[in-house]
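When we follow this note's numbering, the leftmost residue of the sequence shown carries the number 666, and every step to the right adds one. Ideal Cβ positions, reconstructed from N, Cα and C, are used throughout, including at glycine. Structure first, commentary second.
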Amino acid sequence: MPPATRRHDPDRRARILRATLDTIAEHGVAGTTHRRIAAAADVPLGSMTYHFAGLDDLLTEAFTLLADTVSARFTERLAAARTRTEACEAVVDLVVDESWADPRNLLLSYELYAYAARVPALRRVMQGWMGRSRAALEQHFAPETARALDAMIEGLTIHRSVDPRPADREEVRAIVDRLAE
Numbered sequence: 666m667p668p669a670t671r672r673h674d675p676d677r678r679a680r681i682l683r684a685t686l687d688t689i690a691e692h693g694v695a696g697t698t699h700r701r702i703a704a705a706a707d708v709p710l711g712s713m714t715y716h717f718a719g720l721d722d723l724l725t726e727a728f729t730l731l732a733d734t735v736s737a738r739f740t741e742r743l744a745a746a747r748t749r750t751e752a753c754e755a756v757v758d759l760v761v762d763e764s765w766a767d768p769r770n771l772l773l774s775y776e777l778y779a780y781a782a783r784v785p786a787l788r789r790v791m792q793g794w795m796g797r798s799r800a801a802l803e804q805h806f807a808p809e810t811a812r813a814l815d816a817m818i819e820g821l822t823i824h825r826s827v828d829p830r831p832a833d834r835e836e837v838r839a840i841v842d843r844l845a846e
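In structure tokens, the structure reads:
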């Protein structure tokens, strides 16, 4: 009998993390299981415990991937601003442009907030994300203003996802201008 060969799949771990986020987006954290993630990632069920200590570990790493990815895009957008006016416009973009706040990422963010309220490791992920967002804003605004703008970005983004008449670009710009005064 020939020796068993191991399938070479260097992207498997990353694929599992991406599939975890897809599964959370479709079923919520409560409906996310190893079996569903393995099916979404097209990997054997045993791969789940090979790469991750358990479901909590997997959820923490997947949510960390989400936070790092969204945070990097947020930071990049604000870093591109050279003036306060450009920074204000970047904040407006972060609220109204769906390439920043797409429905999937919003749904995943809601799941992260709810899960982080109960799981200390995820609370640290969420706090780190908030800290990076505020640091990016503080490149252009005083710390108190950055905190207010960060809360406004999250609040208006959540409202935009469910409001039948969400604030348009001009309304958001007026709010940003008032907060940034």
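Taking the alpha carbon of residue i as the point to measure from, which residue in the options has its own alpha carbon closest?
{"i": "Y778", "options": "I823, G719, A811", "result": "I823"}
{"i": "F739", "options": "D833, E846, I818", "result": "I818"}
{"i": "A801", "options": "D762, L723, A752", "result": "A752"}
{"i": "V757", "options": "R747, R769, L743, P768", "result": "L743"}
{"i": "M795", "options": "H805, V784, R783, A813", "result": "A813"}
{"i": "V841", "options": "A755, R799, A746", "result": "A755"}
{"i": "A695", "options": "V837, A786, Y780", "result": "Y780"}
By the 10 Å Cβ neighbour count, where 16 or more other Cβ atoms means buried, how is residue i classified, buried or exposed?
{"i": "A839", "result": "exposed"}
{"i": "Y775", "result": "exposed"}
{"i": "E763", "result": "exposed"}
{"i": "T748", "result": "exposed"}
{"i": "A726", "result": "Reading off the sequence shown, one finds Glu at residue 726, where the question assumed Ala. Buried, by the Cβ-count rule."}
{"i": "D852", "result": "This structure cannot speak to residue 852, because the chain is shown only from 666 to 846."}
How about residue i: is its C-beta nearer than 8 angstroms to some C-beta of chain C?
{"i": "R677", "result": "The structure shown contains no chain C; it is built from a single protein chain."}
In this structure, does DSSP put residue i in helix, strand or coil?
{"i": "G693", "result": "coil"}
{"i": "A669", "result": "Note that A669 has pLDDT 45, beneath the 50 cutoff, so the model's placement of it is unreliable and the number below is only indicative. Coil, per DSSP."}
{"i": "R738", "result": "helix"}
{"i": "V708", "result": "coil"}
{"i": "Q804", "result": "coil"}
{"i": "T729", "result": "helix"}
{"i": "D674", "result": "coil"}
{"i": "P829", "result": "coil"}
{"i": "A679", "result": "helix"}
Any 3 or more C-beta pairs closer than 8 angstroms across the region 789–796 and the region 730–747:
yes
Any 3 or more C-beta pairs closer than 8 angstroms across the region 719–728 and the region 806–814
no
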